[in-house]
Amino acid sequence: MRQKLARLVGGVAIAALALGGTAACKSDSGTDEASGGDGCGSKIAFFGALTGPNAALGINMNGGVKLAVDKYNKENADCQVTLVPLDSQGNPEQAPGLAQQAIDDTKILGIVGPAFSGESEAANPLFSEAELVHITPSATRPSLADQGWKTFFRAVGSDFSQGPAAGRYIKDVLKAEKVFVIDDQSAYGAGLADEVKKVLGAAVVDSDKVQGDGKQNDFSATVTKVRSSGATAIFYGGYYQEAGLIRKQLTAAGVTATLVAGDGVNDAAYIEGAGAAAAEGTILTCPCQPATEARGSFVEDFKALNGSDPGTYSDTAFDAANILLAGIKAGNTTRTKMLEFVKGYTGEGVAASYKFTETGELDPAQVKVWAYKVVGGKVVPDQEVPKA
């Protein structure tokens, strides 16, 4: 009964995202300079890492966008939408060029992404100037919402929710009195670590910085500092590649302190990098529900199309894509109209309910943070972290 009810609720949620009035293929939709005519042949893009050291996270999200477009095209066989993958490799230096590529393709009416905070900082000013709306399913740096970018929207909570939640988990659940904080100096990692430090205060006995983006493999100096600090918990702000190597090297040096990290590490690739034994017991936070608990038939549909289970942010990327597709369905076939549609959007997705503030943030009432734990070589839900 519970499963049947979940499918029913999920079906309603997906339908709500798809609602948008009459089909966008009508000849009376008007001339559209941004997309070259009516909505048929319009495009949306996914902007994120599909190759490179942090590709697993981007692949998770792109799979969700692919599913949304696949479903839309099956339901609108006479008016197809094309998905354009923009592989940033998670590199902020590549982001402006990719952003310009999207801007120059006048049929692209919206972007799911950018996926990471650093590339968002580099690409978003260009999108704002071009009035090309973008909904990130995963970039959590709080300052992204403070830049006056009129096209920026975020489908998850920021690190103002995730960072304090991670800090409270370390303090209240792990009850760690000595904590060592490490970050990878990225816009995302450093910002998240700073929020954790604010909550932990004097419990932070020491900290260190490492290099991300695959630029560092030897973390022996950091391991030595952690061991000397006597910390019983470690927080890492950064992505899974370096986190896996750090955990592996800590364990090899006899450091048993619990590693806690954010959503950039919340992927099975972290366990592969660290090794299952070393990764065991790691705590990973995310302002996202378990994707495997998404409403309706999302999990089954995702696996059927992509050949794998959904991962971190697969469901929020699916929802972000569906918001853009609902805009096309409703006849918003210029970038200006699409921007106004997203600004005023209210609806249910498979991951959450969506309504955006004036700065593009998700309605605070919808923001929740979960803690996950590595158990038996898998990342499994541990608990929803209570709000302060």
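When the letters of the sequence shown are read in order and numbered with mature numbering (1 follows the signal peptide of the UniProt record, and there is no 0), they come out as residues -23 to -1, 1 to 365.
In this text, a Cβ means the ideal position worked out from N, Cα and C, and glycines have one as well.
No experiment lies behind these values; they were computed from the predicted model shown.
> Does the Cβ of residue 360 have 16 or more other Cβ atoms within 10 Å, making it buried, or fewer, making it exposed?
Replying inline: The residue is exposed, with fewer than 16 neighbouring Cβ atoms inside 10 Å.
> Taking C-beta to C-beta, are residue 25 and residue 93 nearer than 9 Å?
Replying inline: Yes.
> How do the stretch 128 to 143 and the stretch 167 to 184 stand: do at least 3 beta-carbon pairs fall below 8 Å, yes or no?
Replying inline: Result yes; three or more Cβ-Cβ pairs closer than 8 Å.
> Closest to residue 126 by CA distance: which of 158, 364 and 334 is it?
Replying inline: Its Cα nearest to that of residue 126, the residue 334 stands out among 158, 364 and 334.
> When burial is assigned at 16 or more other CB atoms within 10 Å of the CB, is residue 54 buried or exposed?
Replying inline: With a 10 Å radius around the Cβ and a threshold of 16 neighbouring Cβ atoms, residue 54 comes out exposed.
> Taking the continuous beta strand (DSSP E) assigned at residue 332, which residues delimit it?
Replying inline: Per DSSP, the unbroken beta strand (DSSP E) holding residue 332 starts and ends at 330 to 332.
> In angstroms, rounded to a whole number, what distance separates the CA positions of residue 159 and residue 229?
Replying inline: Cα to Cα, residue 159 sits roughly 18 Å from residue 229.
> Closest by CA to residue 110, which one among 84, 193 and 150?
Replying inline: The residue from 84, 193 and 150 with its alpha-carbon nearest to that of residue 110 is 84.
> Pairing CB atoms from the stretch 67 to 74 with CB atoms from the stretch 89 to 104, are three or more of them under 8 Å?
Replying inline: In short, these stretches touch, since the Cβ pair count reaches three.
> In terms of residues, what are the limits of the alpha helix (DSSP H) holding residue 123?
Replying inline: Looking at the DSSP string, residue 123 is not in any alpha helix (DSSP H), and its letter there is neither H nor E.
> To which residues of the same chain is residue 57 closer than 8 Å at the C-beta, ignoring the five residues directly before and after it?
Replying inline: Counting only Cβ-Cβ distances below 8 Å, and skipping sequence neighbours, we find 17, 18 and 50.
>> Is it buried or exposed, residue 22, if we count other Cβ atoms within 10 angstroms and call 16 or more buried?
In response: Under this definition residue 22 is a buried residue.
> From 114, 177 and 82, pick the residue whose C-alpha is nearest to that of residue 292; which is it?
Replying inline: The residue among 114, 177 and 82 with its C-alpha nearest the C-alpha of residue 292 is 114.
> What are the partner residues of residue 87, as DSSP defines its beta bridges?
Replying inline: Residue 87 pairs with 21.
>> I need the boundaries of the beta strand (DSSP E) containing residue 73, first residue and last residue.
In response: Membership of residue 73 in any beta strand (DSSP E) is not indicated; the residue belongs instead to the alpha helix (DSSP H) covering 72 to 81.
>> Using only CA atoms, which one of 315, 211, 34 and 281 lies nearest to residue 108?
In response: Looking at the Cα atoms, 315 is the closest of the given residues.
> What are the complete alpha helix (DSSP H) segments, minimum 4 residues, inside the stretch 299 to 341?
Replying inline: For the stretch 299 to 341, whole alpha helix (DSSP H) runs of length 4 or above, ordered along the chain, are 312 to 320.
>> Using the Cβ count rule (16 or more neighbours within 10 Å means buried), how would you classify residue 149?
In response: Answer is exposed; the Cβ neighbour count stays below 16.
>> In this structure, how does DSSP classify residue 97 when only helix, strand and coil are distinguished?
In response: Helix.
>> Alpha carbons only, please: which of 262, 328 and 184 is nearest the one belonging to residue 147?
In response: Check the Cα spacing between residue 147 and each of 262, 328 and 184: the tightest is with 262.
> Which residue's Cα is closest to the Cα of residue 317: 156, 296 and 305?
Replying inline: Of the listed residues, the one whose Cα sits closest to residue 317 is 305.
> Excluding five sequence neighbours on each side, which residues of the same chain lie with their C-beta closer than 6 Å to the C-beta of residue 173?
Replying inline: 140, 143, 144 and 212, listed in sequence order.
> Since residue 34 contacts residue 290 with CB under 8 Å, what's their CB separation in whole angstroms?
Replying inline: Taking the Cβ atoms as the reference, residue 34 lies roughly 7 Å from residue 290, within the contact range of under 8 Å.
> Looking at the unbroken beta strand (DSSP E) that takes in residue 63, where does it start and where does it end?
Replying inline: In this chain, the beta strand (DSSP E) harbouring residue 63 covers 59 to 64.
> Which of helix, strand or coil does DSSP assign to residue 236?
Replying inline: Residue 236 sits in a strand when the DSSP states are folded into three classes.
>> Considering only the alpha carbon of each residue, which of 270, 233, 344 and 319 lies closest to residue 130?
In response: Of the candidates 270, 233, 344 and 319, the one whose C-alpha sits nearest the C-alpha of residue 130 is 319.
> Going by C-alpha distance, which of 236, 101, 259 and 247 is nearest residue 381?
Replying inline: Absent from the model: residue 381. The displayed extent of the chain is -23 to 365, so no value can be given.
>> Relative to the C-alpha of residue 370, which candidate in 190, 180, 225 and 179 has its C-alpha closest?
In response: Any property of residue 370 remains undetermined from this structure, which presents the chain solely from -23 to 365.
> In chain order, what residues of the same chain have a beta carbon less than 7 Å from the beta carbon of residue 14, not counting five sequence neighbours either side?
Replying inline: At residue 14 the pLDDT is 47, less than 50, meaning the model places this residue with poor confidence; the figure from the coordinates comes in the next sentence. The beta carbon of residue 14 sits closer than 7 Å to none of the beta carbons in its chain outside the five residues before and after it.
>> Output needed for residue 209: all residues of its chain with C-beta closer than 8 Å, excluding positions within five of it in sequence on either side, in chain order.
In response: Contacts found: 151, 153, 154, 155, 156, 234 and 235.
> Any idea which residues DSSP pairs residue 113 with across the strands?
Replying inline: Note: residue 113 sits in a beta bridge opposite 131.
> So, helix, strand or coil for residue 46, using DSSP?
Replying inline: Reduced to three states, the DSSP call for residue 46 is helix.
> Is it buried or exposed for residue 91, if we count other Cβ within 10 angstroms and need 16 for buried?
Replying inline: Flag for residue 91 reads buried.
>> Using the Cβ count rule (16 or more neighbours within 10 Å means buried), how would you classify residue 321?
In response: So residue 321 counts as exposed.
> From residue 352 to residue 324, what does the alpha carbon distance come to, in whole angstroms?
Replying inline: For residue 352 and residue 324, the distance between alpha carbons rounds to 35 Å.
>> Could you give the first and the last residue of the continuous beta strand (DSSP E) run that contains residue 174?
In response: Run containing residue 174: none in the beta strand (DSSP E); it sits in the alpha helix (DSSP H), 164 to 177.
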